[in-house]
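Protein chains: 2
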Amino acid sequence: MKIGNQHYRSIWFDEQSQHVKIIDQRWLPHQFKIVTLNNRDAFIAAIGDMWVRGAPLIGATAAYAFYVQMKKDPSHQSLDQTYDLLLATRPTAVNLRWALDKMRALLTRLSENQRPQAALALAQEICEQDVERNRLIGVHGLGLIKKIATTKSPGERVNILTHCNAGWLATVDWGTATSPIYHAAQENIHVHIYVDETRPRNQGAHLTAFELAQQNIDHQLIVDNAGGHLMQHGDIDLVITGTDRTTGSGDVCNKIGTYLKALAARDNDIPFYVALPSTTIDWALSNGIAQIPIEERDSLEVTKIWGKLDNGTVAQVQICPDNTPVANPAFDVTPARLVTGLITERGICEASKLGLAKLFPEFVTN
Amino acid sequence: MKIGNQHYRSIWFDEQSQHVKIIDQRWLPHQFKIVTLNNRDAFIAAIGDMWVRGAPLIGATAAYAFYVQMKKDPSHQSLDQTYDLLLATRPTAVNLRWALDKMRALLTRLSENQRPQAALALAQEICEQDVERNRLIGVHGLGLIKKIATTKSPGERVNILTHCNAGWLATVDWGTATSPIYHAAQENIHVHIYVDETRPRNQGAHLTAFELAQQNIDHQLIVDNAGGHLMQHGDIDLVITGTDRTTGSGDVCNKIGTYLKALAARDNDIPFYVALPSTTIDWALSNGIAQIPIEERDSLEVTKIWGKLDNGTVAQVQICPDNTPVANPAFDVTPARLVTGLITERGICEASKLGLAKLFPEFVTN
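Protein sequences appear in the order of chains L and G. Sequential numbering from 731 applies to the first sequence in our numbering. Sequential numbering from 731 applies to the second sequence in our numbering.
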């Protein structure tokens, strides 16, 4: 998608320099920085410290890490170590493990001198597939938005709530939850997006509001507390979020607070959809609340908030007394019963084992 | 309650200087400032710009404004004007109107030269009554906490979630939601409070975390998004919040986001109680969502966050792109059906007309 009218992806292989480059998302929206990831440690830091984030993008980034490491040391030991180090960076998103498994399965079969180029080719393929999956999510999700648009008076907008950033910056391009929105805008449907700021890291305020502004999509930033009130007053037609891991039974693990919005959507009879490439599905799991590990992140994410001072420099402010104890779970699980449907690259299905089996029969066992 | 081991109220008449003083809560927890309110404009600013906040404290502050203004101009016109100006400061909390009505009813009957002293006496009485009501809320609410404590193993704590600041800083003393907590602590029950930071103004992080730390109450700060996840995992035994206005039918209007926590409590079979002095009940209303005006506040509350820089000075940081559009509703309504019970100065009742009628028969008409 576009930043300042130029097209970008969130990660790419620069043919000229032969380097992997990313947008360092820690500084958005206040500073736009492109960073080269030159060695494995840089990749580990980029994922662990969230220079890149979003389940699909984490998977794509991990894939490129193999290319960089295989160029340096294509040994089996190096391969295994890379797998383990990357897997440990973030515990919740399942795309990470999916990409690592795919990469190790391929490289293990090859001789050492074949590994660097094969790793690069597979990383690039993973990226291209991600872009295509997200494009298809948009095509399928567009139908939902179109249907709501037909119920509106001329000039009336379709109001969509989203949480966190499931935008193109969370994927390689298009985004998951935002892909239907971008497709609707391309068809000149007036969509208005309520953007949850998404504490603690404010990815809604930092990234989604930035993305939508760059694409000229009508939006308003709200605090995470406001969505229920807006739903009670008829201000939301549709909720679309992303997911970091989806169980084979349709439970959805996504950024902390998603569950609260799903409850409010149900209480107000508002459709609550989750957009995902099938790579975020953990087919082996059947109970998200019991089975998905929830990352507990640094308390500084809660006590200090990062932003731009009036003088234009960026800084952190502490919002609580010194030494305030903190709990900081990064994700929560929305049970399948609260999810109206899953928007995937193969179409929209019920959030259930049966629903998923209809679209992905090859993954579902009895 | 205590700040640095010294006892304070949130507002008081200083006999020595004959002035009304408040804690200017805009600077907590980073700076502790006591301010004298010398004239009507100062009172209007103090309420409108939230130097003081919390429904009971707003009422008490408005009452003292009459004393200051009657000293200056005890005319009928001045009285009416003061009523109107104060009523316009904050639209949601009903204690404001309650205190204004009480004050005008008294002063109208008196001669001009009687008015200043009578206003002072009534303002002080309103404060004393608020303290006593909140103390009684604590006595009644203590029973709920004690009952949960009996279900715990030795050494296990009672986990309570609260939203915003319904602490002593929101009242004259004791607080509403915190009064049962302070009473439990006095009886050596180990309570652990999960404190919602409560965006946009972060009164949980600024005030509740500060209050609890000063009282040595075990607590953890969390983002507003986290409560549902904690409930899903059995980490919350009880939710207690305050309210800015309660309908005669038991609907509760409180700081934005309260409704989301009530939904999560219901979904996880966790008791959700609301603590209130009867002065926050608007007996005439029967449908909170339709009838209670919700204050829409400045977008700067959402886009900029105030706190302490690493160098110790305080500043605001902007968390979103320049010119991001914002919606900022300050309160939401939790329907009575989601409220387990109301903790009042007369006891605990069902959140319904019938429940309230049992405790407050004199206010309920058929």
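Using N, Cα and C, we set each Cβ at its ideal position, and we do this for glycine too.
*Between the Cα of I923/L and those of P930/L, T880/L, I875/L, R839/L, spot the shortest distance and give me the residue it belongs to.*
I875/L
_For a test of the three-state rule: what should DSSP assign to A1081/L, helix, strand or coil?_
coil
*Count the other C-beta atoms from every protein chain shown that fall within 10 angstroms of the C-beta of K897/G, then say buried if there are 16 or more, exposed otherwise.*
Reading off the sequence shown, one finds Gly at residue 897/G, where the question assumed Lys. G897/G is buried by the Cβ-count criterion.
*Using a cut-off of 9 Å between C-beta atoms, extract the partners of F940/G located in chain L.*
C1050, P1051, T1054
*Identify whether V1063/G lies in helix, strand or coil by the three-state DSSP scheme.*
strand
_Pairwise C-alpha distance: A1020/L and K751/L_ = 37 Å
*What are the start and end residues of each continuous beta strand (DSSP E) run of 3 or more residues lying completely inside the segment 1012-1040 of chain G, in chain order?*
List check, beta strand (DSSP E) in window: 1034-1038.
*CB G868/G to CB P910/G, shorter than 8 Å?*
Result yes, Cβ atoms of G868/G and P910/G sit closer than 8 Å.
*Pair every Cβ in the segment 811-829 of chain G with every Cβ in the segment 788-795 of chain G, then say whether three or more of these pairs are closer than 8 Å.*
yes
*Mark H1102/L as exposed unless 16 or more other C-beta atoms lie within 10 angstroms of its C-beta, in which case mark it buried.*
Nothing can be reported for residue 1102/L: it is not among the residues displayed for chain L, which extend from 731 to 1096.
*Distance between beta carbons of V953/L and V902/L, contact taken as under 8 Å*: Contact flag wrong, Cβ pair sits at about 30 Å.
*Using the DSSP secondary-structure output, state which residues sit across from H737/G in a beta bridge.*
K732/G
*Can you check DSSP and say which residues form a bridge with A992/L?*
Answer is none; A992/L lacks a bridge partner.
*Using a Cβ-Cβ distance under 8 Å, would I764/L count as near chain G?*
By this cut-off, I764/L is not an interface position.
*CB-CB under 6 Å to Q933/L, same chain, minus the five flanking residues each way: which ones, in chain order?*
C894, N895
*asked:* Between G734/G and chain L, is any beta-carbon pair separated by less than 8 Å?
replied: Taking CB atoms only, G734/G has no neighbour in chain L less than 8 Å away.
_By alpha-carbon positions, which one of Y912/L, Q844/L, R1067/L, D1052/L ends up nearest to N1017/L?_
R1067/L
*For G958/L and chain G, any beta-carbon pair shorter than 8 Å?*
yes
*Proximal residues, the segment 917-932 of chain G versus chain L, C-beta separation under 9 Å*: Under the 9 Å Cβ criterion, the segment 917-932 of chain G contributes Y924, V925, D926, E927, T928, R929, P930, N932.
*Test: I952/G CB closer than 8 Å to a CB of chain L*: For I952/G, a Cβ of chain L is located within less than 8 Å of the residue's own Cβ.
*8 Å Cβ cut-off: residues of chain G touching A1045/L*: L1039, D1040, A1045, V1047
_Other residues of its chain near A848/L: CB distance less than 7 Å, five sequence neighbours each side excluded_ = L836, L837, L840
_Please classify T1074/L as buried or exposed, where buried requires at least 16 other C-beta atoms within 10 Å of its C-beta._
A residue is called buried once 16 or more other Cβ atoms fall within 10 Å of its Cβ, and T1074/L is buried on that count.
_Considering just the uninterrupted stretch of the alpha helix (DSSP H) at T892/L, what are its terminal residues?_
Here T892/L belongs to no alpha helix (DSSP H); instead the beta strand (DSSP E) covers 888-892.
*Would you kindly check if the distance between the Cβ of L951/L and the Cβ of V1032/G is under 8 Å?*
Less than 8 Å divides the Cβ of V1032/G from the Cβ of L951/L.
*Tell me, please, whether the CB atom of D997/L is closer than 8 Å to any CB atom in chain A?*
No chain A is present in this structure, whose protein chains are L and G.
*Please compile the residues from chain G whose C-beta is within a distance smaller than 7 Å of the C-beta of P1059/L.*
A956, H959
*What is the C-beta distance between T1054/G and A939/L, in whole angstroms, given that I count them as a contact (C-beta under 8 Å)?*
With a Cβ gap of about 5 Å, T1054/G and A939/L count as contacting.
*Would you identify the three-state DSSP class for K882/G, choosing helix, strand or coil?*
It is coil, neither helix nor strand.
_chain G within 8 Å of P821/L, Cβ atoms only_ = no
*asked:* Tell me whether the segment 1039-1053 of chain G and the segment 1035-1054 of chain L touch, counting them as touching only if at least three CB pairs, one residue from each stretch, are closer than 8 Å.
replied: yes
*asked:* Let me see if you follow: with CB-CB separation under 8 Å, is A785/L close to chain G or not?
replied: Taking 8 Å as the threshold, the shortest C-beta distance from A785/L to chain G does not fall below it.
_Reduced DSSP category for F1090/G - H, G, I as helix; E, B as strand; rest coil_ = coil
*Who are the Cβ neighbours of T1070/G in its own chain at under 6 Å, not counting the five residues just before and after it?*
Within its own chain, the residues whose Cβ lies closer than 6 Å to the Cβ of T1070/G, once the five positions on either side in sequence are excluded, are P1001, F1002, Y1003, listed in chain order.
*asked:* Could you tell me the alpha carbon to alpha carbon distance between A879/L and V888/L, rounded to whole angstroms?
replied: 6 Å
*Within the 8 Å Cβ cut-off, does L1063/L reach chain G?*
According to the sequence as given, residue 1063/L is Val; it is not Leu. Yes, V1063/L lies at the interface with chain G (some Cβ there is under 8 Å from its Cβ).
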